[in-house]
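Peer 1: Okay, here's the structure, questions in a sec.
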Amino acid sequence: MTSSRFEELEKRCARLKKIRIIRLVSSLAFLFLGAFGIYYWLNHTHQGINETTNTSVPEINVSIPLLSDINETTTPRVEVIPISQMKTSSETLFLAPHVYKDKTKLPSAELEEAKRSLNEEQHLIKVFQAEQNFSNAYALAHFYFERKSYSEVILWTKEASKRDSHSDLPWILYAKAKFYLGDRAEAIRSLELFLGYINSKEAQELLNFYKGQE
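Take the sequence shown: its letters are residues 93 to 306, numbered as in this note's numbering.
Put into structure tokens, the structure is as follows:
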């Protein structure tokens, strides 16, 4: 082997060695960048989740509580149904008599009372939809209380309390509804909560009465 060919072979080996080193360095750099990218993505995503989780809702200073602030897991939300969307009288409405047999008929006096109550209920809802104020909401709560529909009473006393947090009327009616539903503890708790902010002789007398019921 001549010296020129030997030198050419050395140069070729040097080039191959250089290429291998470049490829190795490129592979290591690629792996490093890939690992760093994955780490950054995972860390950034986790941090974003923590920031979202730890974001606190600013508290609103409310001097007087509302009935709607009371935690109840079994009470549904108030949903006012427009009169135009109500079902026809062929279906059973809230105050309509339950008919289980085609031949079953109510006495005429009871039937007239049921129709009158249904008309009054629809009228009160229509009035509230036209003007959603304290008086109209409380009128509905009182209407249902007279008919012993205590679940509806709870809904409408909350609506009334939203529109006048200083009035003791919704709280008293709410406590009565809870008491008649058998939840004496909640009736007492709600009255004590209200009396912690507002003095009310009637609410205090009702609270004393419920506490005396053993």
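C-beta: ideal position from N, C-alpha, C; glycine also.
#1: Return the Cβ separation of Ser269 and Ile290 in integer angstroms, given the expectation that the two are a contact with Cβ distance under 8 angstroms.
#2: Please list, in chain order, all residues of the same chain as Leu273 whose beta carbon is under 6 angstroms from its beta carbon, the five residues on each side excluded.
#3: Roughly how many angstroms separate the alpha carbons of Ser259 and Pro199, rounded to a whole number?
#4: Nearest-angstrom Cα distance between Lys109 and Phe124?
#5: Considering only the beta carbon of each residue, do Ala201 and Phe226 sit closer than 7 angstroms?
#6: Which parts of the region 217-270 are runs of the alpha helix (DSSP H), unbroken and 4 residues or longer, counting only runs that do not cross its ends?
#7: Put Gln214 into one of helix, strand or coil per three-state DSSP.
#8: Quick check: what's the CA-CA separation for Ile114 versus Trp133?
#9: So for Ile290, helix, strand or coil by DSSP?
#10: Judging by CA-CA distance, which residue of Glu297, Ile264, Gln305, Leu298 is the nearest neighbour of Leu158?
#11: With DSSP run on the structure shown, which of helix, strand or coil describes Asp275?
#12: Within its chain, find whatever has a CB closer than 7 angstroms to the CB of Ser160; leave out the 5 residues flanking it on each side and keep chain order.
#13: Are Ser292 and Tyr266 close, meaning C-beta to C-beta below 7 angstroms?
#14: Quick check: the Cα distance between Ile156 and Gly129, rounded to an integer number of angstroms?
#15: Roughly how many whole angstroms lie between the Cα atoms of Pro262 and Tyr230?
#16: So what does DSSP say about Gly304, is it helix, strand or coil?
Peer 2: Checking against the coordinates, here is how it stands:
#1: With the sequence shown as reference, residue 269 is identified as Ala, and Ser is not the correct amino acid for it. Incorrect: roughly 19 angstroms between the Cβ atoms, too far for contact.
#2: When the five nearest sequence neighbours on each side are left out, the beta carbons in the same chain lying within less than 6 angstroms of the beta carbon of Leu273 are those of Tyr242, in order along the chain.
#3: About 41 angstroms.
#4: For Lys109 and Phe124, the distance between alpha carbons rounds to 22 angstroms.
#5: With a cutoff of 7 angstroms on beta-carbon distance, Ala201 and Phe226 are scored as not near each other.
#6: The qualifying runs are 226-238, 242-255.
#7: In the structure shown, the three-state DSSP call for Gln214 is helix.
#8: Cα-Cα distance, rounded: 28 angstroms.
#9: Three-state result, Ile290: coil.
#10: Out of Glu297, Ile264, Gln305, Leu298, Ile264 has the C-alpha closest to the C-alpha of Leu158.
#11: Asp275 falls in the coil class under three-state DSSP.
#12: Closer than 7 angstroms at the Cβ level, and outside the excluded window around Ser160, lie Lys250, Ser253, Lys254.
#13: Not in contact: Ser292 and Tyr266 (Cβ atoms no closer than 7 angstroms).
#14: Their Cα atoms are separated by approximately 53 angstroms.
#15: Here the C-alpha atom of Pro262 lies approximately 7 angstroms from the C-alpha atom of Tyr230.
#16: Judged by DSSP in its simplified three-state form, Gly304 adopts coil rather than helix or strand.
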